[in-house]
Ligand code: ANZ
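In my numbering, the protein residues as written are 22 to 620.
Here you go:
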């Protein structure tokens, strides 16, 4: 053997693999295993993370194949999304061509590695075949009321006149324009994931083959919290302000009512210029992902009445109360809550301690822990009780007086799926000239993306397109405008594992027989960075599909393997753009410069 020419052998082996066909046909008499790795975004080249992930799946697939199981080990492409649009803008390309070229390249790379993938089932979420079926799912969700529309705030870049995703807002500024990002209210599409909060939380306990860490992350994300809603009457009006609290026993220490700037009461200050500026600033601070401790206060000069003491409680707006949690209103108890304490110090509100720590645990204010041995003080009929007993007693009183009720709230919010982007699945809705919102018939699908698109102008490319959005209502002949938002790409990846079961079916998203043959996925392999969103959305989708009369299991993934991330040193330039290490040099062990050209 001539060892000096190993490449000839390698080439032959490689070609054999490239031509080898792996089929996964379901046979009744054999047990099945469905092995799936999270499908890649076709960014251009396979990276080490892909290699690691797909090798694990491949080893498992080979093991089961050799043990005479029915094995399905498919592959596809999560191919809609912003990088294609960005690459297109920067290099004057067409997103479709860019994506398809990348897919071809990456597919060849995966083939050359020799992974035993059933390429017959390949799917690509940006293909019409896939997104037509997705539009059909959207229509089913619309019928069951899982899809709905409401006003919601978005990140608005005033210079580029466009909506930005959170990742495109860097330190409060637009990633391209550098302009200060504003919050703007737009009417957008949502999925009612909150209808399933309890199930999504409770059923985590049945996922015995998922890493504990991932389940804990999902639990914290859903964040179920048991507390009480209490109504405070607004002085000299007939209005009530409903607050949510998990510490009702501290109500005698309430020294202000703090409201989110998006609370209904803010409507009273709509015409107040000072308030308008204040609100803008609060929303801007809230939109920044960085932890910001700055607490802002707007005095309304209105008061509410403490329902137990009759005392006047000043009403204020602040940035640290968020609209998306509880009722968007809290009673501030500075002696026993850190944020309220900082706020009261800054704006000079009363700080009255109502819980005394046990004598062996003298703590400075704010005293936060609830201990068995602590006792209530300055609290009338609650005095001397432990916080736990006091809580039970006050809740009973609140219910007796009919001024509130026990309430379980969750941090989970409905999922906003509208994106003002070109490279995503079109939403099959039209707005008729008589003002009606019309869901298309399934026979009218697919709503195709236009191939020619001008991405150079600011704003939503589909909205800017000269003809695409103008259409007619099939039933009435009336003029209509198409929805120009497209779907969040997490929508695409929330059901792709079902599509693999019958990926060539052009009538329906997936057929019952093949889903009952192959589902659930037995081994799902991917990065821990998807612990929350992708996995939670997929769990929600199965439940939502079930509710829309599809025959799917509630839990899509039986065993989850999180493979760990492959990391390497990387850099960012002043504008926040990533810079590869090869493009950086080090001087005096301290300064880094971006090289103009790779040497
Ligand atoms: C009065 C109080 C007194 C509170 C006290 C805490 C300590 P978790 O446990 O995370 O559910 N809160 C309620 N809604 C809020 C909102 N929209 N934005 C910001 N804060 C909000 O937290 C519940 C507590 O967070 C609630 O209990 C409320 O403050 C605050 F000594 O009410 B508490």
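No residue lacks a Cβ here, since even glycine has one placed at the ideal position from N, Cα and C.
Test item: CB-CB of residue i and residue j under 7 Å
| i | j | result |
| --- | --- | --- |
| residue 123 | residue 199 | no |
| residue 169 | residue 211 | yes |
| residue 96 | residue 539 | no |
| residue 565 | residue 167 | yes |
| residue 390 | residue 407 | no |
| residue 203 | residue 231 | no |
| residue 434 | residue 498 | no |
| residue 511 | residue 558 | yes |
| residue 84 | residue 52 | no |
| residue 621 | residue 400 | Since the first residue of the chain shown is 22 and the last is 620, residue 621 is not available in this structure. |
| residue 602 | residue 590 | yes |
| residue 507 | residue 437 | no |
| residue 182 | residue 487 | no |
Selection from the options that minimises the alpha carbon distance to residue i
| i | options | result |
| --- | --- | --- |
| residue 350 | 333, 265, 537, 393 | 265 |
| residue 578 | 589, 568, 547, 70 | 547 |
| residue 327 | 464, 268, 275, 126 | 275 |
| residue 342 | 366, 279, 362, 296 | 279 |
| residue 208 | 537, 525, 504 | 504 |
| residue 572 | 562, 478, 423 | 562 |
| residue 447 | 528, 227, 482, 258 | 482 |
| residue 359 | 386, 260, 129, 409 | 386 |
| residue 154 | 323, 532, 103 | 532 |
| residue 658 | 250, 363, 269, 295 | Past the edges of the chain, shown from 22 to 620, lies residue 658, and the structure says nothing about it. |
| residue 73 | 62, 58, 63 | 58 |
| residue 598 | 195, 150, 118 | 195 |
| residue 567 | 251, 536, 411 | 536 |
| residue 457 | 423, 594, 439, 494 | 494 |
| residue 297 | 353, 60, 338 | 338 |
Nearest-angstrom Cα separation, counted from residue j out to residue i
| i | j | result |
| --- | --- | --- |
| residue 165 | residue 570 | 9 Å |
| residue 592 | residue 110 | 23 Å |
| residue 286 | residue 262 | 9 Å |
| residue 246 | residue 467 | 42 Å |
| residue 184 | residue 441 | 6 Å |
| residue 348 | residue 368 | 23 Å |
| residue 281 | residue 454 | 37 Å |
| residue 147 | residue 131 | 20 Å |
| residue 101 | residue 471 | 14 Å |
| residue 47 | residue 180 | 55 Å |
| residue 425 | residue 415 | 11 Å |
| residue 134 | residue 224 | 38 Å |
| residue 248 | residue 214 | 21 Å |
| residue 405 | residue 398 | 6 Å |
| residue 302 | residue 355 | 24 Å |
| residue 463 | residue 162 | 13 Å |
| residue 158 | residue 474 | 26 Å |
| residue 45 | residue 139 | 7 Å |
| residue 292 | residue 518 | 51 Å |
| residue 451 | residue 258 | 43 Å |
| residue 607 | residue 219 | 52 Å |
| residue 459 | residue 554 | 30 Å |
| residue 543 | residue 242 | 25 Å |
| residue 150 | residue 527 | 7 Å |
| residue 340 | residue 307 | 7 Å |
| residue 521 | residue 98 | 12 Å |
| residue 428 | residue 420 | 12 Å |
Ligand 1 heavy atom lying under 6 Å from the CB of residue i
| i | result |
| --- | --- |
| residue 346 | yes |
| residue 282 | no |
| residue 544 | no |
| residue 522 | no |
| residue 265 | yes |
| residue 434 | no |
| residue 334 | no |
| residue 268 | yes |
| residue 354 | yes |
| residue 246 | yes |
| residue 349 | yes |
| residue 343 | yes |
| residue 330 | no |
| residue 271 | yes |
| residue 358 | yes |
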